[in-house]
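Residue numbers (the numbering used here): -3 to 439.
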């Protein structure tokens, strides 16, 4: 590591270091996200027609199953050439809903679209646990509560709530985990439904709604061009398994902003194929922070994350992949971010182990790559671990710049197979009980 100056200062908290490299303020080599800062995806074009789901027999009493009413209402919107489908105040229980093009599903204040609290109500058997991927492949995949495929011009808007009634699914997940610990080696496979999943769409907007209690992931836009997610609130208990909030990928031109997230897994996670992604002005509590990966097969590039606050998450900034996954993650910048009480503030790793795929091998000839990453103007308080930058021998992480960062942590950086990360004006305070040494480099 090249550090032009290292100053040790005694302080009451423990030990403080100032790592100062090149003080010119130059841009990090290989990182240019100026165009990403201007990303404004094209918005859906929705005809000015309004439909009310209650006109098709829907009853918002929290008991009536409204699956057919939603089906007929969406069919009417489609036949008319598109429009806004309004859900008025009330609790509308329904099975899976399939959207159409040129549709704005609009939930008024006080409107709740809710999954049934029993498997039989939506025609599903009790979840089954199996002990192999082959057995799992034979199981039916539960449909998302709201889904759509091969669409254009779709919106989900309004100040209402979409509730996945996830508790019954989480209980099965916990049972499976306990059973796996008591049986032969290998994992027990358990399938759960996502809450909202839109696949293959041009111009998708999700705005102002609350997503809560998903059985699995809350919002999964896949193969989307021009994606806007704004002012969305996502809520699930911090111990609810795999309840990712927002998981886009592949996406091209995505703007995620002013979201409020508190879940039990990845808060925002950009999957393989993410291009030109702007994430800004989000508030995150609990969960696994703002992530890329671990699916990186076709890479992630041109991404800017700025003006976000994280409090109490397991991870803050995280890029993860593994041997055999392949793909290049590059030209990424995280700037103007605050973290409080985050377990792992900065994680860049190619030695990730996916507990959901412990035997993953992928293509052994395909090594993932992480390069040209800039992290600057970060304020980190009360972290357990300052950072982990771990490449693998066949694919060292390169082009990492950390600049204008102030942090307090119990443990210092751990760095291995990562070339020469550049530290510029990084002030690190290591709390008592941890050896105050420079960042550890393991060759």
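Using N, Cα and C, we set each Cβ at its ideal position, and we do this for glycine too.
Here the structure is a predicted model, which means the values were calculated and not measured.
Own chain residues within Cβ distance below 6 Å of residue i, not counting five before or after
| i | result |
| --- | --- |
| residue 303 | 276, 277 and 332 |
| residue 373 | 331, 332 and 400 |
| residue 216 | 190, 193 and 243 |
| residue 367 | 326, 394 and 395 |
| residue 269 | 245, 246 and 294 |
| residue 334 | 305 and 375 |
| residue 279 | 256 and 305 |
| residue 24 | 370 and 397 |
| residue 253 | 226, 276 and 277 |
| residue 165 | 188 and 211 |
| residue 54 | 62, 65 and 88 |
| residue 440 | Since the first and last residues shown for the chain are -3 and 439, residue 440 lies out of range. |
| residue 308 | 281, 282 and 337 |
| residue 363 | 390 and 391 |
Inter-residue CB distance, residue i and residue j (contact presumed, cutoff 8 Å)
| i | j | result |
| --- | --- | --- |
| residue 158 | residue 225 | So it is not a contact: roughly 14 Å between Cβ atoms. |
| residue 94 | residue 62 | Not a contact, Cβ separation roughly 14 Å. |
| residue 310 | residue 285 | 7 Å |
| residue 188 | residue 138 | 7 Å |
| residue 209 | residue 161 | 6 Å |
| residue 405 | residue 380 | 7 Å |
| residue 387 | residue 412 | 7 Å |
| residue 141 | residue 111 | 5 Å |
| residue 150 | residue 97 | 7 Å |
| residue 156 | residue 103 | 3 Å |
| residue 282 | residue 241 | No, residue 282 and residue 241 are not in contact; Cβ-Cβ is about 10 Å, not under 8 Å. |
| residue 264 | residue 299 | At roughly 11 Å, the Cβ-Cβ gap does not stay under 8 Å, so residue 264 and residue 299 are not in contact. |
| residue 273 | residue 316 | Contact doesn't hold; Cβ gap of about 16 Å is too wide. |
| residue 230 | residue 203 | Not confirmed; about 13 Å, so no contact. |
| residue 290 | residue 348 | 5 Å |
| residue 42 | residue 101 | Not a contact, Cβ separation roughly 10 Å. |
Check: residue i C-beta below 7 Å from any heavy atom of the ligand SAM
| i | result |
| --- | --- |
| residue 105 | You won't find the ligand SAM in this model; it holds no ligand whatsoever. |
Buried or exposed by the 16-neighbour rule on C-beta atoms within 10 Å, applied to residue i
| i | result |
| --- | --- |
| residue 420 | buried |
| residue 59 | exposed |
| residue 193 | buried |
| residue 17 | With a pLDDT of only 40 at residue 17, under the threshold of 50, the placement of this residue in the model should not be trusted, and no figure is reported. |
| residue 30 | exposed |
| residue 390 | exposed |
| residue 105 | exposed |
| residue 271 | buried |
| residue 425 | buried |
| residue 314 | buried |
| residue 75 | exposed |
| residue 131 | exposed |
| residue 341 | buried |
| residue 322 | buried |
| residue 249 | buried |
| residue 44 | exposed |
| residue 64 | exposed |
| residue 260 | buried |
| residue 201 | buried |
| residue 107 | buried |
| residue 69 | buried |
| residue 34 | exposed |
| residue 77 | exposed |
| residue 116 | exposed |
Cut-off 7 Å between Cβ atoms - residues of its own chain near residue i, not counting five sequence neighbours on either side
| i | result |
| --- | --- |
| residue 46 | 79, 80 and 82 |
| residue 50 | 84 |
| residue 73 | 47, 79, 81, 96 and 99 |
| residue 37 | 222, 223, 224, 249, 250 and 251 |
| residue 378 | 336, 337 and 404 |
| residue 392 | 413, 414 and 415 |
| residue 345 | 316, 384 and 386 |
Beta-carbon proximity list for residue i, same chain, < 8 Å, skipping 5 on both sides
| i | result |
| --- | --- |
| residue 57 | 86 and 87 |
| residue 360 | 319 and 320 |
| residue 19 | With a pLDDT of 35 at residue 19, under the threshold of 50, the predicted position of this residue should be treated as unreliable, and no value is reported. |
Q. Counting pairs of Cβ atoms below 8 Å between the region 131 to 147 and the region 190 to 202, do you hit three or more?
A. yes
**Q.** Any 3 or more C-beta pairs closer than 8 Å across the region 312 to 328 and the region 294 to 301
**A.** yes
Q: Only counting runs of 3 or more residues, tell me where the beta strand (DSSP E) segments fall wholly within the region 240 to 303, in order along the chain.
A: 247 to 253, 256 to 258, 264 to 266, 270 to 276, 279 to 281 and 286 to 288
Q | Completely contained alpha helix (DSSP H) runs for the region 332 to 416, where each covers 4 or more residues | A | none
Q.
Extract the residue ranges of the alpha helix (DSSP H) inside the region 34 to 107, only unbroken runs of 4 or more that lie entirely within it.
A. 63 to 76
Q: Would you mind listing the beta strand (DSSP E) stretches within the region 213 to 240 that are 3+ residues and don't spill past its ends, in chain order?
A: 215 to 226 and 229 to 231
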